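Reading through the structure tokens given below for one structure.
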Amino acid sequence: MPKRRFDGCGGGGGGRGRTAKPPRRHLYLVLDDWSIGYSIRKIDLSSDFDSEDSDQLTAAHGPISSNGKRRLPSAVFRFQAQRGLPMYFADAFDSKIMAMHPITPGINGMLPWVPERLVPVFDVRMRSVIFGPRQIPDLDDPIYIPVGGRLFALSTGSFQLLYPPPGDNDESGSEEEEGWVWSWRQPPFKRKHVTAYTIHPDGRTIFISIKKRRSATTFTFDTAESALRDDCTWKQHGNWMLPFSGRAYFDSVLDAWVGLSRDSGTLGQLCSCDVVSTSPIPTLRSTICKELFVENPVMRRVGATLLYMGNRSKFCLVGCICIKDDSVDEIKDGYVGEMTDGSVGGANEDSVHEMNDDPVGELNEDYEMNDDSGMNDSKLEEQHVSPHSGYFLRLKTFFLMYDKNGDLKTGKHIQVRCYDVPITVSESIRKHPVAFWM
Numbered sequence: 001m002p003k004r005r006f007d008g009c010g011g012g013g014g015g016r017g018r019t020a021k022p023p024r025r026h027l028y029l030v031l032d033d034w035s036i037g038y039s040i041r042k043i044d045l046s047s048d049f050d051s052e053d054s055d056q057l058t059a060a061h062g063p064i065s066s067n068g069k070r071r072l073p074s075a076v077f078r079f080q081a082q083r084g085l086p087m088y089f090a091d092a093f094d095s096k097i098m099a100m101h102p103i104t105p106g107i108n109g110m111l112p113w114v115p116e117r118l119v120p121v122f123d124v125r126m127r128s129v130i131f132g133p134r135q136i137p138d139l140d141d142p143i144y145i146p147v148g149g150r151l152f153a154l155s156t157g158s159f160q161l162l163y164p165p166p167g168d169n170d171e172s173g174s175e176e177e178e179g180w181v182w183s184w185r186q187p188p189f190k191r192k193h194v195t196a197y198t199i200h201p202d203g204r205t206i207f208i209s210i211k212k213r214r215s216a217t218t219f220t221f222d223t224a225e226s227a228l229r230d231d232c233t234w235k236q237h238g239n240w241m242l243p244f245s246g247r248a249y250f251d252s253v254l255d256a257w258v259g260l261s262r263d264s265g266t267l268g269q270l271c272s273c274d275v276v277s278t279s280p281i282p283t284l285r286s287t288i289c290k291e292l293f294v295e296n297p298v299m300r301r302v303g304a305t306l307l308y309m310g311n312r313s314k315f316c317l318v319g320c321i322c323i324k325d326d327s328v329d330e331i332k333d334g335y336v337g338e339m340t341d342g343s344v345g346g347a348n349e350d351s352v353h354e355m356n357d358d359p360v361g362e363l364n365e366d367y368e369m370n371d372d373s374g375m376n377d378s379k380l381e382e383q384h385v386s387p388h389s390g391y392f393l394r395l396k397t398f399f400l401m402y403d404k405n406g407d408l409k410t411g412k413h414i415q416v417r418c419y420d421v422p423i424t425v426s427e428s429i430r431k432h433p434v435a436f437w438m
């Protein structure tokens, strides 16, 4: 295993007195709307809080469609992989989307375009593709956990660590081969029992909660300590559970973890939890935010993914919504949704709609596979316009805060964008939307 240590800071010095401007971030949406794989679409959310003028927003983003929802932006990248497997995507090393799907002999009779021992890694900053090492054997229902400059993968019977590749300015050719490497570490619990996971604000300790029958336990893993000692040491943190379902994020303003609730009475609602110490016997206090989840007899939420957008407690909730068949005609002149004041109604001036992004460009000339069925790009784009598909994606951007009673609430404005879901998108992707903020 590599001896070189990574501090997760990206390395490099720089001129004194200069502060590098952070790169502009976007939402990247992954859909299996391609017959032999996935597309990645780039959505700019920066204007959601840059303007309160609806005329200005309309001018910037273009008119809305007849059913009140926008067509998805054009794909910036497409790649071949087995469809319907959202769990094999990971965000890592700040700007990279990794697709670590199991090896398949070919899709629709086509030969795979990626060597069997490699996986494609799309760099959203460079708009380029590199290749990383495949996990052997293929993992079963993995959970990917980015921590600083490394990526951890928890699966049935294994806990693997991926070291990042050498930097562009790294002249040490001797370390190039070992730059991308998975090392094996055995967890003291089974993947199927995991209910929630998050990172402590110390930036190095992983918290994972498990539930087995009626017993509950939370484990911690100090990534820095384990790397220093070159071993894998899990510590049982107590017989309690994080109140989340899946991934939660730490927000420094709230001084709390934020995620989606796993409790049966508040399943899928926003939930915050006080950060516990890395020492045993913590005191847990959690609060629920119900403002984003107004009951609507016309719509049913199929699945949701919460994204943390950085400082000032800013989040984006990416939800897939199902519209009842007999209600499709009712939304032709404006989608039925939850407005910024929590009410239910048609599209109004607070709704923001996204224009098409840049075309695929030169990147797809090298890496996009052609479908033997004869479906060209124009036909692929036609699939994106299906007002009767019954599903749409709703992107809600908002700030979180505590009220005077200490309860979690949203800020004054909740910006909403809606997009038609292509009819070819699988049920698994609808239930577990794949989106990244980077």
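Just so you know, the sequence shown maps onto residues 1 to 438 in UniProt numbering.
Cβ coordinates follow ideal geometry from the N, Cα and C atoms, glycine included.
Since this is a predicted model, take the numbers as computed values, not measurements.
Item	Value
What is the DSSP secondary structure of residue 452, counted as helix, strand or coil?	The chain is shown from 1 up to 438; residue 452 falls before or after that span and cannot be answered.
Three Cβ pairs or more, each shorter than 8 Å: is that satisfied between the stretch 155-166 and the stretch 197-216?	no
Would PHE436 pass as a contact of TYR28 if the rule is Cβ separation under 7 Å?	yes
Can you have a look at LYS412 and say buried or exposed, based on whether 16 or more other CB atoms are within 10 angstroms of its CB?	exposed
Could you spell out the range, first to last residue, of the beta strand (DSSP E) harbouring SER252?	From DSSP, SER252 is part of no beta strand (DSSP E); its letter is neither H nor E.
In terms of residues, what are the limits of the beta strand (DSSP E) holding LYS314?	314-323
Mind checking who ASP91 pairs with in its DSSP beta bridge?	ILE97
My assumption, with CB atoms under 8 Å, is that PRO133 sits in contact with LEU151. Please give the rounded CB distance.	Between LEU151 and PRO133 the Cβ distance is about 11 Å, and since that is not below 8 Å, they are no contact.
Could you name the residues of the same chain whose beta carbon sits closer than 6 Å to that of GLY37, not counting the 5 residues immediately before and after it, in chain order?	PHE79, GLN80, ALA81
Starting from SER272, trace the beta strand (DSSP E) in both directions and tell me its first and last residue.	270-274
What's the C-alpha gap between ILE136 and THR104?	13 Å
Identify whether HIS237 lies in helix, strand or coil by the three-state DSSP scheme.	strand
Would you give the residue range spanned by the beta strand (DSSP E) that ILE429 belongs to?	Careful: ILE429 lies outside any beta strand (DSSP E), inside the alpha helix (DSSP H) at 427-431.
Alpha carbons only, please: which of GLY265, ILE429, CYS322, ALA196 is nearest the one belonging to PRO297?	CYS322
Specify, as a first and last residue, the run of the beta strand (DSSP E) that GLY132 falls within.	128-133
Do GLY303 and LYS431 have their beta-carbon atoms positioned less than 7 Å apart in this structure?	yes
Three-state secondary structure (DSSP) at ARG71?	coil
Does DSSP put PRO86 in a helix, a strand or coil?	helix
Tell me, please, which residues DSSP counts as bridged to ASP123.	LYS96, SER128
Please name the residue or residues paired with GLN80 in a DSSP beta bridge.	GLY37
Is the beta carbon of SER158 closer than 7 Å to that of VAL124?	no
Report the rounded CA-to-CA distance for CYS273 versus ALA153, giving the unit in angstroms.	24 Å
Which residue wins for smallest C-alpha separation from GLY203, given the options PRO146, VAL194, LYS192, GLY238?	PRO146
Quick check on DSSP: helix, strand or coil for THR218?	strand
Tell me where the beta strand (DSSP E) around PRO243 begins and ends.	Note, PRO243: premise wrong, no beta strand (DSSP E); not H, not E.
Using DSSP with H/G/I as helix, E/B as strand and the rest coil, what is THR205?	strand
Let's test the definition: count the other Cβ atoms within 10 Å of the Cβ of TRP184 and tell me whether it reaches 16, buried, or not, exposed.	exposed
What is the DSSP secondary structure of PHE436, reduced to helix, strand or coil?	strand
Assign ILE429 to one of two classes, buried (16 or more other C-beta atoms within 10 Å of its C-beta) or exposed (fewer than that).	buried
Skipping 5 residues on each side, what residues in its chain have a beta carbon closer than 6 Å to that of ARG41?	LEU29, LEU72, PRO73, ALA75
Under the three-state reduction of DSSP, which class applies to THR424: helix, strand or coil?	coil
I'd like to know whether the C-beta atoms of LYS396 and LEU317 end up nearer to each other than 7 Å.	yes
Taking just the CA atoms, how far does THR287 sit from GLU52?	Any answer about GLU52 is weak, because its pLDDT of 38 lies below 50 and its placement is not dependable; what the coordinates show is given next. Straight-line Cα distance between these residues: approximately 30 Å.
Just reading off the beta strand (DSSP E) that ARG300 is part of, what are its end residues?	299-308
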